[in-house]
Amino acid sequence: MINKELIHNRIDLINRSIARLKKMGTLTREQFLADPDNFAIAEHHLRRALESLFDIGR
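Take the sequence shown: its letters are residues 1 to 58, numbered as in UniProt numbering.
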């Protein structure tokens, strides 16, 4: 059975994560590397988007 609410929730999470990644994409290389948390934040949002995509496929 298809859970439309779950799909909508996961798509929302994907869109929010992509928005955060795009915002981080405006940083220069130097700006990105200046804050060691930037890598962890980017990794978190990429993982979150991928996990949401996998949830939709289940």
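Ideal Cβ positions, reconstructed from N, Cα and C, are used throughout, including at glycine.
The three-state secondary structure of asparagine 3, taken from DSSP, is coil.
Taking C-alpha positions only, glutamine 31 is separated from phenylalanine 54 by approximately 31 Å.
Comparing alpha-carbon positions, the option among Arg16, Lys4, Asn3, Ile2 lying closest to leucine 50 turns out to be Arg16.
In this structure, the alpha-carbon of glutamate 5 lies about 26 Å from that of glutamate 43. Taking a 10 Å sphere around the C-beta of arginine 10, we find 16 or more other C-beta atoms and assign the residue as buried.
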